[in-house]
Amino acid sequence: MNLLKVAICGGGRTGHLNAILFKQLPDVQVSMLTSNLEIIEQHARQTPMQALLPDGSTLQARLDRVTTDARIAVEDADIVIITVPAHARPQTLRDIAPHLNASKPVYIGAIPGFCGFDWLAEATLPDRPNLVIWGMKDVPHTAFELTPGRSIKMGGGKSQLYVATHAREPQTARRQLEKILTRLYGPCVTLLENYLEITLTPGNPIMHSSVIYGLIGPYGQWHRKIFPQRMCWWTECPELGAYFLERMDQESQDLCAVISQRMGIDLSSVKSLKQEIVEAYGEQIRDPSSMLSILRTNQAYNDILAPMVPAADNRAGYVIERESRAFNEDVAYGLVLLVEMARRFDLKVPYIEEVLQWSVDYMQGLRDSALDYFPSHWPRMTNAAA
Numbered sequence: 001m002n003l004l005k006v007a008i009c010g011g012g013r014t015g016h017l018n019a020i021l022f023k024q025l026p027d028v029q030v031s032m033l034t035s036n037l038e039i040i041e042q043h044a045r046q047t048p049m050q051a052l053l054p055d056g057s058t059l060q061a062r063l064d065r066v067t068t069d070a071r072i073a074v075e076d077a078d079i080v081i082i083t084v085p086a087h088a089r090p091q092t093l094r095d096i097a098p099h100l101n102a103s104k105p106v107y108i109g110a111i112p113g114f115c116g117f118d119w120l121a122e123a124t125l126p127d128r129p130n131l132v133i134w135g136m137k138d139v140p141h142t143a144f145e146l147t148p149g150r151s152i153k154m155g156g157g158k159s160q161l162y163v164a165t166h167a168r169e170p171q172t173a174r175r176q177l178e179k180i181l182t183r184l185y186g187p188c189v190t191l192l193e194n195y196l197e198i199t200l201t202p203g204n205p206i207m208h209s210s211v212i213y214g215l216i217g218p219y220g221q222w223h224r225k226i227f228p229q230r231m232c233w234w235t236e237c238p239e240l241g242a243y244f245l246e247r248m249d250q251e252s253q254d255l256c257a258v259i260s261q262r263m264g265i266d267l268s269s270v271k272s273l274k275q276e277i278v279e280a281y282g283e284q285i286r287d288p289s290s291m292l293s294i295l296r297t298n299q300a301y302n303d304i305l306a307p308m309v310p311a312a313d314n315r316a317g318y319v320i321e322r323e324s325r326a327f328n329e330d331v332a333y334g335l336v337l338l339v340e341m342a343r344r345f346d347l348k349v350p351y352i353e354e355v356l357q358w359s360v361d362y363m364q365g366l367r368d369s370a371l372d373y374f375p376s377h378w379p380r381m382t383n384a385a386a
């Protein structure tokens, strides 16, 4: 078997877990590009990374390279997996672009691939026909309780992993990508026909924002209050959060229906969020009867904490963190994109718009967003939209 050179860009939870799992495979070389000096230091000390599995067992791995130098991380990579938040992807792509091998196919993708990664990569990496742009619909496993450079806990895994490529990619490249990802993740990889099937899949942008709105929005139990202790995202999801989530999910489905009809694209794979979660986690969900019960009883979601920081001015307790991915990624690069896509089709999405406007106010305004690279001509040109 040929040596497969993998470069992971991002030293967060997903990056750690994927790197450890890949190193369990024969003939797989793994590099990690990270700005976290703690991870660099642990690697220099030859500290093995550990993944703590749901059954209590552990996996250990020593990566081949851990570096802050983009050239060292990606110069000979066969596949590049970007796991940094959506708002960090533009700079990551700019950093690695000069160092990607130009003499062989390089498969460059994002996990998860939402927020229009195909448009971003196309805009950031022009005139590079050897680069194959792809994305995965969701993370292969939930991951939490990261100790950088040392350990990560693995939660529930997905039974199927859905992947799409940019519309420009030929079938030969798609088939080779499928082989590579099957080698890394097993025979659960399915290729989708259109990248919009990823961009429009309901996920974190509506999940995280609706729960936060239900907690601390104008009608939330904790509006302008301090939490006495940190809380879990899902097992403590408020009823109001689930209410908004269901309605935002329906608006997302309405957007899919309009795009499918007017652009002639089959988006039947884009299921409701409720169906997505039930199919992904199956028996790990004790009560699948409602959105609220699904979130609260999914064992894969246990112990996943909401993004909180200590309250200011030495006050006891916690507040929702404004600088978390739930805002900088899910709102600025997720909700913003959904609302703009709906606007271009004259579709009203009042629940998503309400949560977006409140979230932007809570963030104290947007610094950047998906609109920075969303094609201005979309949806007029089908090949640019795919």
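Taken in order, the sequence shown gives residues 1 to 386; the numbers are from the UniProt record's numbering.
In this text, a Cβ means the ideal position worked out from N, Cα and C, and glycines have one as well.
All of these numbers come straight from a predicted model, not from anything done at the bench.
Under the rule that a run must span 4 or more residues, the alpha helix (DSSP H) segments found entirely inside the segment 70-156 read 70-74, 89-96 and 117-124.
When beta bridges are read from the DSSP output, K5 appears opposite Q29. Apart from the 5 residues on each side of it in sequence, E169 sits with its Cβ closer than 6 Å to the Cβ of V132 in its chain, given in chain order.
Taking one beta carbon from each stretch, the segment 334-354 and the segment 95-108 have fewer than 3 pairs nearer than 8 Å; the two do not touch.
The continuous beta strand (DSSP E) containing I320 extends over residues Y318 to I320. The shortest C-alpha to C-alpha distance from D330 to any of T201, G317 and Q176 is the one to T201. Scanning the segment 289-318 for uninterrupted alpha helix (DSSP H) segments of 4 residues or longer gives 291-297, listed from N- to C-terminal end. Residue burial annotation: I226 is exposed, with fewer than 16 other C-beta atoms found within 10 angstroms of its C-beta.
With a threshold of 16 other beta carbon atoms within 10 Å, L37 falls short and is exposed. Around the CB of N18, 16 or more other CB atoms lie within 10 Å, so the residue is classed as buried. Close CB contacts of L292 within its chain, under the 7 Å cut and outside five residues either way in sequence, are with C237, E239 and A242 (chain order). A Cβ-Cβ separation of about 16 Å leaves A173 out of contact with N194 under the 8 Å criterion.
By the C-beta density criterion, R13 is buried, having at least 16 other C-beta atoms within 10 angstroms. Apart from the 5 residues on each side of it in sequence, H43 sits with its Cβ closer than 7 Å to the Cβ of L63, V66 and G149 in its chain, given in chain order. For the 7 Å CB-CB criterion, A370 and C115 form a contact. Judged by beta-carbon spacing, Y162 lies beyond the 7 Å limit of T182, meaning their Cβ atoms are not closer than that value. Taking all protein chains in view, the Cβ of A326 is crowded by 16 or more other Cβ atoms within 10 Å, so the residue is classified as buried. Its Cα nearest to that of V258, the residue P379 stands out among P379, G157 and L192.
L21 carries a helical assignment under DSSP once its states are collapsed to helix, strand and coil.
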